[in-house]
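Here is the structure we will look at.
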Amino acid sequence: MAGMDVSLKEMMGIDGTIGAAIVDHGSGMALGTLGGSKELDLQVAAAGNTEVMKAKLRTMDSLGLKDGIEDILITLTAQYHIIRPITGRSGKGLFLYLALDRNRANLALARHMLKVIEEKLEL
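Residues -7 to 115 in this note's numbering are what the sequence shown lists, from first letter to last.
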């Protein structure tokens, strides 16, 4: 099992990572961040992606979907953004957020690595 600091470091170790966060989608607050830049404020990204997460959950509820979200992928011209809900008991209401440089990242590998990190995370 890995704690928040270890998990954030592992997320930053994924090729092409620009920034990583663990976010409470109830409040929109980032519980922990690593990386980021002047162009990528991880606190703002945490709050904004909380709204994305809430909107998807509301839509699924409205549609009567009983499925779970594995991850949400947002593709930009220069970046990939991945939102991955934490499914373990200790992580309910939290999600991992990963921003990647599209030119340096391998999306399939990043998604796989994020899943492995999420499974090991213990909060």
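Glycine residues also receive a C-beta, built at the ideal position from the N, C-alpha and C atoms.
- Ranked by how close their Cα comes to the Cα of Asp93, the residues Ile78, Ala102 and Met45 have Ala102 in first place.
- Rounded to the nearest angstrom, the gap between the Cα atoms of Ile74 and Leu99 is 9 Å.
- Judged by their CB atoms, Ile14 and Met(-4) are nearer to each other than the 8 Å cut-off.
- Ala39 has its alpha-carbon roughly 26 Å from the corresponding atom of Asn95.
- If you look at Gly24, you'll find it isn't in any alpha helix (DSSP H); it sits in the beta strand (DSSP E) that goes Met21 to Gly27.
- In the displayed model, Thr42 falls within a helix according to three-state DSSP.
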